[in-house]
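To keep things clear, I will list the structure first and then write my remarks on it.
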Amino acid sequence: MKQELIQCALTHGRRFVRYGKPASYIPELASKDPSKLGIAVCDMEGNVITAGDCKEKFSMQSISKVMALILALEQNGFDNVFSKVGMEPTGDAFNSMVRLDHLINNKPFNPMINAGAIAVTSTIRGATLEERKEACLACARKLTGNPDLGVDYEVFLSESETGFRNRAIIYLMRSNGIIEGNCEEHLELYFLMCALACNCRDLAFFAATLANNGVSPMTGERLIQPRVVRLVRSLMVTCGMYDYSGEFAATVGMPSKSGVGGGIISCAIGKYGIATYGPSLDDKGNSIGGLKMLEYLSDNMGLSIF
Ligand code: GLN
-5 MKQELIQCAL THGRRFVRYG KPASYIPELA SKDPSKLGIA VCDMEGNVIT
45 AGDCKEKFSM QSISKVMALI LALEQNGFDN VFSKVGMEPT GDAFNSMVRL
95 DHLINNKPFN PMINAGAIAV TSTIRGATLE ERKEACLACA RKLTGNPDLG
145 VDYEVFLSES ETGFRNRAII YLMRSNGIIE GNCEEHLELY FLMCALACNC
195 RDLAFFAATL ANNGVSPMTG ERLIQPRVVR LVRSLMVTCG MYDYSGEFAA
245 TVGMPSKSGV GGGIISCAIG KYGIATYGPS LDDKGNSIGG LKMLEYLSDN
295 MGLSIF
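Heads up, the sequence shown is in my numbering, so the first residue is -5 and it goes up one at a time.
Spelled out as structure tokens, the structure:
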């Protein structure tokens, strides 16, 4: 991919950032500058090109749901993880509770919505909470190729203090037998993953590893098993962009995952890992500038898998 092309994508995306606003239900995110917009693209040789505010740090938020799923599958296997969560899209908002008490088996629909990700996170193992946190951090560092990746504790605290809806979700699942053990500890782990601080480059490496069937384009090392990559990418297509996943498949057509921190990762399979950052969100919680840049690149380079 050419530098000029991502520069054009950026110019295109910038036209739209004024139509959204940063997430405010996590107070710490409300103060982010909505005019920021950046992009990084990593090819299958590990070369990275960037444009715009690609060095800005932001919290992964729901993008970490992909990492939690990879770690849980690695630790526990498919049958165990999918005894707690389904694989179907919902068409509801990412933090919705409406279907959580009406389900066959009471399972949350998929691992890309809050309820599903919390259920997945509850299976992440370790003798103590500290050990579980270490396992999550180690996994995120491995998948981004960044040994210094850490947590934004202000975002973490901000969400822990105000995450009432996620508390309601986990305790409902506890009463329905989906969650076992200490709910507050599971939530702490979930909030910690959401508060992982990264930039576009970190996420472009992760997306490129997914696009490269689980092999790091930087080191040539296999980081994710092929079966896990296939499953994760398919869930990203059907559920990764919340209740915009259908339209996104039609307009962009790449396995992707967004977060309310303003990030989006996108996989052009066998070609590129793309990461965008723009904290101005639409009413479904997706980065407006990010969506527009991905649309532009998909159109101009024929990146849709469909
Ligand atoms: N931490 C956020 C939450 O649980 C993540 C949601 C998101 O990025 N969509 O609400």
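Every residue gets a Cβ at the ideal spot worked out from N, C-alpha and C, and that includes glycine.
All of these numbers come straight from a predicted model, not from anything done at the bench.
Identified DSSP bridge partners for residue i
| i | result |
| --- | --- |
| Lys302 | Coverage of the chain is limited to positions -5 through 300, which leaves residue 302 absent and any answer about it impossible. |
| Phe52 | Cys192 |
| Tyr266 | Asp37 and Ala262 |
| Ala62 | In DSSP, Ala62 forms no bridge with anything. |
| Thr203 | None, per the DSSP bridge assignment. |
| Ser250 | Ser260 |
| Gly32 | Gly46 and Tyr271 |
| Ser77 | Note: Ser77 sits in no beta bridge, so no partner. |
| Ser281 | Leu275 |
| Arg216 | Val209 |
Interface flag, residue i vs chain D, CB-CB below 8 Å
| i | result |
| --- | --- |
| Ile299 | Although the question refers to chain D, the structure presented lacks it and comprises just one protein chain. |
Integer-rounded CB distance, given that residue j should sit under 8 Å from residue i
| i | j | result |
| --- | --- | --- |
| Gly283 | Phe52 | Contact flag wrong, Cβ pair sits at about 13 Å. |
| Leu288 | Ile258 | 7 Å |
| Gly120 | Ala129 | 5 Å |
| Val149 | Ala205 | Contact flag wrong, Cβ pair sits at about 27 Å. |
| Arg227 | Cys261 | 6 Å |
| Ala198 | Val42 | 6 Å |
| Leu67 | Gly272 | Not really, about 30 Å apart at Cβ, beyond 8 Å. |
| Asn160 | Asn108 | 6 Å |
| Ile346 | Ile64 | There is no way to answer for residue 346, as the model of the chain reaches only from -5 to 300. |
Proximity test, residue i beta-carbon vs the ligand PLP heavy atom, cut-off 7 Å
| i | result |
| --- | --- |
| Ala87 | The model depicted lacks the ligand PLP and carries the ligand GLN instead. |
Along the chain, which unbroken stretches of the alpha helix (DSSP H) at least 4 residues long are found entirely within the segment 129 to 172? Counting only runs of 4 or more, we get 147 to 156 and 158 to 169.
Within 6 Å of the ligand GLN: residues by beta-carbon to any heavy atom: Any residue whose Cβ sits closer than 6 Å to a heavy atom of the ligand GLN makes the list: Gln55, Ser56, Phe88, Asn89, Asn108, Glu153, Asn160, Cys188, Gly253, Val254 and Gly279.
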